[in-house]
Amino acid sequence: MPVEPPAGHMMLAADLGDGRLYGLLALADGDLDARADDLRSGGLEVALSGPRRDPAALHDALREAELLLELGCTWPGPDQTYRLLVGILLRDPPELEQLRAQTISALEAYDERHETDLLATLEEFFSHHGSTTDTAEAMQLHRHTVGYRLARVHEVSGLSPYESEGRERLSLGLKARRILAAYERLTKPG
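Take the sequence shown: its position 113, counted from the start at 1, is 106 in the working numbering, and no numbers get skipped.
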């Protein structure tokens, strides 16, 4: 699909041989939605980085958009938390590792050691807006089984998925885990 920059704008586009077209385009905020819609209507997936003022930061802009696309955070979308966490990864990777470690690493280890599905249950619980009934239905479990697993999440992690602070931290930990896995997929050789 031919991609034309808006009138009066320059665009740098490159095919880096990975089946994706990368483009750098300077736009005013009001132009972003319209340009993203144009690209999507042409059958392209679109992920946008946050703005960069320094040309030396263009590499980070490309990496941010690439990670967001790998995570399925296409434009437009309700993925601002992912955008913030990807920004943390690009500035300070150990900070994102620490977030994961302080929230869900104990659950990862527990699941592996005991062959359980605490993380999967937690993800479903969050995707069903905290409804144990809907989570149980989606996982084909009894709702008491879901409740038991979520109680175990609290015991193992020290964070309650039923309380605001615990729910927020666990949700951020799960997002950090997804981002770190996507980053590893994108950066591992071969």
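Using N, Cα and C, we set each Cβ at its ideal position, and we do this for glycine too.
Check residue i in the structure and name its three-state DSSP category.
| i | result |
| --- | --- |
| A58 | helix |
| A40 | coil |
| R171 | helix |
| Q91 | helix |
| E108 | coil |
| P48 | helix |
| E177 | helix |
| D26 | helix |
| G65 | coil |
| D11 | coil |
| S34 | helix |
| E156 | coil |
For residue i, report the span of its beta strand (DSSP E) as first-last.
| i | result |
| --- | --- |
| L14 | 14 to 18 |
How would you write the range of the alpha helix (DSSP H) that residue i sits in, first residue to last?
| i | result |
| --- | --- |
| S150 | 136 to 150 |
| I97 | Segment: none, I97 is in no alpha helix (DSSP H) and carries neither H nor E. |
| R76 | 73 to 84 |
| S120 | 111 to 120 |
| E130 | 125 to 132 |
Bridge partners for residue i per DSSP, in chain order?
| i | result |
| --- | --- |
| R6 | One point to set straight first is that residue 6 is Ala, not Arg, in the sequence displayed. Note: A6 sits in a beta bridge opposite G16. |
Would you please state the rounded distance, in angstroms, between the beta carbons of residue i and residue j? I believe it to be under 8 Å.
| i | j | result |
| --- | --- | --- |
| A58 | A40 | 5 Å |
| R171 | L64 | 6 Å |
| T202 | T109 | Any question about residue 202 goes unanswered here, given that the chain covers just -6 to 183. |
| L173 | E90 | 7 Å |
| D53 | L83 | 5 Å |
Are residue i and residue j closer than 7 Å when you measure CB to CB?
| i | j | result |
| --- | --- | --- |
| D104 | L112 | yes |
| G166 | T96 | yes |
| A99 | E117 | no |
| L78 | K181 | no |
| A184 | L60 | Given a span of -6 to 183 for the chain in the structure shown, any question on residue 184 remains unanswerable. |
| V139 | T125 | yes |
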